[in-house]
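Residue numbers (the numbering used here), protein chains in the order written: chain B, 1 to 367; chain A, 1001 to 1367; chain L, 2001 to 2367; chain Y, 3001 to 3367.
There are 4 protein chains.
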Amino acid sequence: MENEKIKRIGILTGGGDCPGLNAVIRGVAKPAHDMGLSVLGILDGFEGLVNGKAVELYNKDVSGILATGGTILGSSNKGDPFHWPVEFDGQVKITDKSADALRNYEGWNLDALIAIGGDGTMHIAHQLMQMGMNIIGVPKTIDNDLMATDQTFGHDSAVYVVSEALDRLHTTASAHHRVMVVEVMGRYAGWIALNGGLAGGADIILIPEIPFEWDAIYDKVIERNMMGKRFSIVCVAEGAKPIDGDMVVKATDPKRTDPIQLGGIAELVAKKIEENTKLETRYIVLGHLQRGGSPTPFDRILSTKFGTYAIQLAAKKKFGTMAALKGTNIKSVSIEEAIENQKLVDTSDQAVKTAKSVGVCFGTKKI
Amino acid sequence: MENEKIKRIGILTGGGDCPGLNAVIRGVAKPAHDMGLSVLGILDGFEGLVNGKAVELYNKDVSGILATGGTILGSSNKGDPFHWPVEFDGQVKITDKSADALRNYEGWNLDALIAIGGDGTMHIAHQLMQMGMNIIGVPKTIDNDLMATDQTFGHDSAVYVVSEALDRLHTTASAHHRVMVVEVMGRYAGWIALNGGLAGGADIILIPEIPFEWDAIYDKVIERNMMGKRFSIVCVAEGAKPIDGDMVVKATDPKRTDPIQLGGIAELVAKKIEENTKLETRYIVLGHLQRGGSPTPFDRILSTKFGTYAIQLAAKKKFGTMAALKGTNIKSVSIEEAIENQKLVDTSDQAVKTAKSVGVCFGTKKI
Amino acid sequence: MENEKIKRIGILTGGGDCPGLNAVIRGVAKPAHDMGLSVLGILDGFEGLVNGKAVELYNKDVSGILATGGTILGSSNKGDPFHWPVEFDGQVKITDKSADALRNYEGWNLDALIAIGGDGTMHIAHQLMQMGMNIIGVPKTIDNDLMATDQTFGHDSAVYVVSEALDRLHTTASAHHRVMVVEVMGRYAGWIALNGGLAGGADIILIPEIPFEWDAIYDKVIERNMMGKRFSIVCVAEGAKPIDGDMVVKATDPKRTDPIQLGGIAELVAKKIEENTKLETRYIVLGHLQRGGSPTPFDRILSTKFGTYAIQLAAKKKFGTMAALKGTNIKSVSIEEAIENQKLVDTSDQAVKTAKSVGVCFGTKKI
Amino acid sequence: MENEKIKRIGILTGGGDCPGLNAVIRGVAKPAHDMGLSVLGILDGFEGLVNGKAVELYNKDVSGILATGGTILGSSNKGDPFHWPVEFDGQVKITDKSADALRNYEGWNLDALIAIGGDGTMHIAHQLMQMGMNIIGVPKTIDNDLMATDQTFGHDSAVYVVSEALDRLHTTASAHHRVMVVEVMGRYAGWIALNGGLAGGADIILIPEIPFEWDAIYDKVIERNMMGKRFSIVCVAEGAKPIDGDMVVKATDPKRTDPIQLGGIAELVAKKIEENTKLETRYIVLGHLQRGGSPTPFDRILSTKFGTYAIQLAAKKKFGTMAALKGTNIKSVSIEEAIENQKLVDTSDQAVKTAKSVGVCFGTKKI
């Protein structure tokens, strides 16, 4: 029935935590109820879809959650229905549970599923679409590495945390004539380091897209020191790497087999700077601080816009699409297209040029 | 000499305070010095240009100011060189001091003047251009009411203050079953109220662009009360007005001649809600809290981009232009064009629709 | 049965909002459950006690409320059981409803009632004790005006809000060469103005305990101006008054019968300073911002200590007592004694001397 | 000349960074100038005293620094005049430079030296006193581990940072059903972990004073999980250690010679919890975030009181004493006595009992 209105939608949040998830859920559920739709909250991402865990979401459930961090639905980094780990006799076997997912989708009488998530979530959503589910996407990544949208929600909040940390460390670095190295998120895309570093006045920004030369870093620190600025702040993305080296494997990475040496890139950078400049150097890894807490006003607004737009897309049966920010407006893009294009920092990007203009060193003399 | 490079620029900040001014100044001065330009900081806006008050700006002067509120150059709301009040025998006479401004501009050997300011500043800048000064503009308004740019710096910081205040008032309104009315800036444009209200979860948003009906407000408050939500938050722009009334004249406005009755629109709205719904109602006027303090990371980045872009425009002798945000890029627009088009909230705007979708009442049943 | 253990307690929150109320409730309920006690949450202060409105409080109800503002139990400024307004034929008559309160207390099988509140709440609690109820008090006032305890919870949070506001206003006052007048809470006691002003670097602090002279204020502002400090920050308690004048009656006070002229003391002070010094002056009234929002860590700790101490007092049947901070320890004091002694700022107080030492003017040349 | 007034004082800040240092400096310098004293700011702690680096401090130098982090005088962790490292032929030799320190003290015509610092600083100050210098102390430690004062400045700010971090991590732990381990400062004293953990609602607090048992930790995490609380927050002091183990030696500690294995106690705790409970566990080390940034209002007030009190002690020639908080008053104690008594967390302390009452586990079943 082409013209039949949808009556019931499901909603789930997948992947890592991100400030604004609850604002999206509220943005979906409130107008849905006004349209007469019922809303099913699927718990713990795709895990709930496979295992049939879900709760009805009423207005009272989404009231007062706009400013809260986390997600009332729970999330999970695991749980790909197409690659589902099952334990047999102490051995883990990967099976396909997508049929269970579909059975639940149908059993719950869902007319559409709104999937809020990143890369991984969208890839799974895309496969579920092939099986006949009606999917609307809401892009989620604090990394901001999606070509399809000018900005993703959560990114502004992560940048806020980084910027606030740099502010704090500035005073103490300055009082003690120290180099401070701050590791921020960004395995492949350096947006958090770039924007956080710009906002927090970092002197050196190291990102995965621009492999760095050790000498360029030492020179910058020493040059500042000689100008009487006896402190330097380095903002480094976790995925940054030297031009002649590999990405640092975390000490905690279960895959590593080599003798464990260093916790991460920040520790390595701090160690090398101290050795080569003889200046006292300290490091800090911001880690999950960047994913938690109340979203910034910017993210609350963007999340709310994404949520309300997504439910409209669902009502209009524009399945397979995703809400995206373009300039000052929300538009729709195809999920398929969106997941194909990652947005990385380009050295010709205005943000990079701006940073260069105010004296930021990217660890290379080439740009 | 068309091909001659510029050697010396002036910079001034005009109009009301705005978080990010210092970040712009830093964004201009640091690359200017790298290009070999000297930078003259003109004090207290156009007042300094007329009266010849200025200081050389070196790198050390703009170091560490990225995160600070206010402006190291000082500003002034007065000081239009073309309408300069002079006191003669106890009488104030308006004179034209633009010749003094030009004389100083020339005497200081300026090749260009970067004027950071709002509407008023840009109008004056435009007239000074006619006299032969080379002007580059940087748009400044916490109100965000400029068609030429997707967003102005300072707005995100103002919205942050509003959103944080609404968060605080929510808890106390909820505990005491109260209506809280919060007055925010916005004489003609409602962007701060709209974005701040959206981010802070306001139940009612009143803006100058949408004249409100009293009954619609009372009905919303009562409806919420009947649904068991014994509190409501109203976010009202200072310029909001009832459909059948005039803008409330502030008690402190020197121009008012009538018997003083009320301090502002928030007080009036609070009084009327309490009278008509019998619910305890309180109000607060956020006032200058919205203009002060450290800029948000978003504003620090945007300000820095505007500053570094402006000095490039100057170096390229693109006089008469202004830096503007379009999508994720900074571009240049003509000052003339920019000052002609104010950006007001339109009822068809996505932000308005989003707000409606999550249940916000705009004080009218028409939209 | 002297030796019989208590089995069931009630808890209520009375009076104005105060950050930390929920932390106290949690601090009472968690250990109570561990002791095997049941906890009844009485709603909306004494109103719930008279009208029989209450809910059972389980651990899940107090989980996650440590950091939240407001009170999950609701509160009410009205509701003195001994002076209860009842409407007969459009006329309000004051009646005694204490018998209803007692009947509910007994009907609910309460062994003790923990009353969290200020002055008013403690006076009522004291009278209810005479009727046979077992009361434990927890002192609550953001004003910090209680002799019996070194500090009350909520005060640190209020001071935080004031200090943050002064920080913001400093930058904008400084940029625009302005005087900024900030009105804070404190009708009879000036602690918020004193501590907030000290923390926020106010130049002038006006409190109820030290009637001020207008000339002393003008002189301070002018003296600063002549020293090149072209801005001044005034922090004024709502109850501050000139030495030769009355407390300013709020425009919104229903009791006032005179022609309404000014909104409050801040407006008056701002007006007079501008008239007498010719310096641009602005004012802001912080109002309920001081009562809302998440408590500071200091207040969360103090509230939790007060709560856990109160339930121990109840378990030990030390009825008629109240938790109080003395140095670094919580001790018990008698409610009766506590309500008799208000703690006002004394001119010989160290905080006053400290403020004087760093140049703060109290609006008088006498101290 | 017993009755001669002092005319000139020196001031220095020693040891690690601590929010409030600048507020103390301002609190000393402003009243000093009012008394007609001149103030010499000695740079980089005792290094400046030995090497003769100092600047005159005028009122303009201490204006506007109340709210800033760091110290305008610089500090240094090195620089004990009695154990001064000098390099001869590539070898470091320890020499005694106290004669240089005394020569500078006398050459600068100082009547007294105000030393702001912790343990180490006070020990050195005490030795300098024996040589004839007039010393007044101001105790500084974010660790709060000084018996002589109810609280030290900087501690409240450190607790604020910890509490805010726990708030952020709560939401993300809760959304993802994770255990989060947060390492905070405190090598010997657990006050930051205890107070920060209490304020941030930690489920488990591990401190140096209470050696922990692994099983008690696992049991608590599992117990919470079985009650449906699928996340836990662990707040661990850097000096916490298992009952049967040594303090974890940091990977970066130059003294360690064993094969490097783990970064710190948080990493170890996280690893063991994940292994033993099979629950996803993450950790973060807050590090220098706890030392930087603007002091909280509480610390600004306490610092200002300490500063103004110290200059009074100097004026009264009460040399060898230190400002200390006792209840709500500042009093003086002898430096000698103060440095002898460290204040550690005692299991009978009210804060510990309070934490136990609200369900906090200290990693042992013994208390």
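Even glycine gets a Cβ: it sits at the ideal position worked out from N, Cα and C. Small disclaimer: the values here were computed from a predicted structure and weren't measured.
The alpha-carbon separation between residue 2065 (chain L) and residue 2023 (chain L) amounts to approximately 7 Å.
When DSSP states are grouped into helix, strand and coil, residue 2028 (chain L) belongs to the helix group. For residue 3357 (chain Y), a Cβ of chain L is located within less than 9 Å of the residue's own Cβ. The secondary-structure analysis by DSSP pairs residue 1361 (chain A) across a beta bridge with A:1204.
At least one beta carbon of chain Y lies nearer than 9 Å to the beta carbon of residue 44 (chain B). The C-beta distance from residue 1332 (chain A) to residue 1313 (chain A) rounds to 6 Å, short enough to meet the 8 Å contact threshold. For residue 3167 (chain Y), at least one C-beta of chain L is nearer than 9 Å to its own C-beta.
Short of 7 Å from the beta carbon of residue 111 (chain B), and not among the five residues preceding or following it, lie these beta carbons of its own chain, in chain order: 6, 7, 8, 9, 134.
For residue 186 (chain B), no chain A residue has a C-beta closer than 7 Å to its own C-beta; the minimum C-beta separation is roughly 16 Å. Taking CB atoms only, residue 204 (chain B) has no neighbour in chain A less than 9 Å away.
Within the same chain, and ignoring the five residues on either side of residue 19 (chain B) in sequence, the residues whose Cβ sits closer than 8 Å to its Cβ are 69, 142, 153, 154, 157, 158, 291, 292, 293, 294, 295, 296, 299. Contact check for residue 2049 (chain L) against residue 2025 (chain L) fails: the beta carbons are separated by 9 Å or more.
By the C-beta criterion, the region 1200-1215 of chain A is judged not to be in contact with the region 336-345 of chain B, since fewer than 3 inter-stretch pairs fall below 8 Å.
In the assembly as shown, residue 1076 (chain A) is a buried residue. Its beta-carbon has 16 or more other beta-carbons within 10 Å. Using a Cβ-Cβ distance cut-off of 8 Å, the region 3086-3096 of chain Y and the region 3036-3045 of chain Y are not in contact, since fewer than three pairs of beta carbons, one from each stretch, lie closer than that value. Secondary structure note for residue 2293 (chain L): it is in no beta strand (DSSP E), with a DSSP letter that is neither H nor E. By the C-beta density criterion, residue 144 (chain B) is buried, having at least 16 other C-beta atoms within 10 angstroms. Counting along the chain, no alpha helix (DSSP H) covers residue 3108 (chain Y), and no H or E run does either. Closest option to residue 2265 (chain L), judged by alpha-carbon separation, among L:2289, L:2118, L:2239, L:2282: L:2239. Measuring C-alpha to C-alpha distances from residue 2083 (chain L) to each of L:2074, L:2053, L:2128, L:2039 identifies L:2128 as the nearest.
Nearest to residue 3114 (chain Y) by C-alpha distance, out of Y:3120, Y:3103, Y:3136, is Y:3136.
In this chain, the beta strand (DSSP E) harbouring residue 3088 (chain Y) covers 3084-3088. Per DSSP, residue 2050 (chain L) has no beta-bridge partner at all. If only complete runs of 3 or more residues are kept, the region 3302-3360 of chain Y shows the beta strand (DSSP E) at 3321-3326, 3329-3334, in order along the chain. Residue 2013 (chain L) places its beta carbon 9 Å or farther from that of residue 2102 (chain L).
Within the region 2297-2308 of chain L, the residues whose Cβ lies closer than 7 Å to some Cβ of chain Y are 2297, 2298, 2300, 2301, 2304, 2305, 2308, listed in chain order.
Between the beta-carbon of residue 184 (chain B) and that of residue 196 (chain B) there is about 6 Å, and that keeps the pair under the 8 Å contact cut.
Assignment of residue 57 (chain B) by DSSP, reduced to helix, strand and coil, places it in the strand class. With respect to the 9 Å criterion, residue 2285 (chain L) and residue 2234 (chain L) are not classified as neighbours on the basis of their beta carbons.
DSSP places residue 2180 (chain L) in the uninterrupted beta strand (DSSP E) bounded by 2179-2184. Three or more beta-carbon pairs drawn from the region 3214-3224 of chain Y and the region 3274-3281 of chain Y are found closer than 8 Å, and the two stretches are therefore classed as touching. Counting along the chain, residue 283 (chain B) sits inside the beta strand (DSSP E) bounded by residues 281-285. At a cut-off of 3 residues, the continuous stretches assigned as beta strand (DSSP E) that sit fully inside the region 1120-1146 of chain A are 1135-1139.
Residues of chain B with a Cβ closer than 8 Å to the Cβ of residue 3285 (chain Y) are, in chain order, 284, 285. Residue Y:3367 holds the alpha-carbon nearest to the alpha-carbon of residue 3352 (chain Y) among Y:3367, Y:3052, Y:3099, Y:3095. Residue 3161 (chain Y) is positioned such that its CB atom lies no closer than 9 Å to that of residue 3325 (chain Y).
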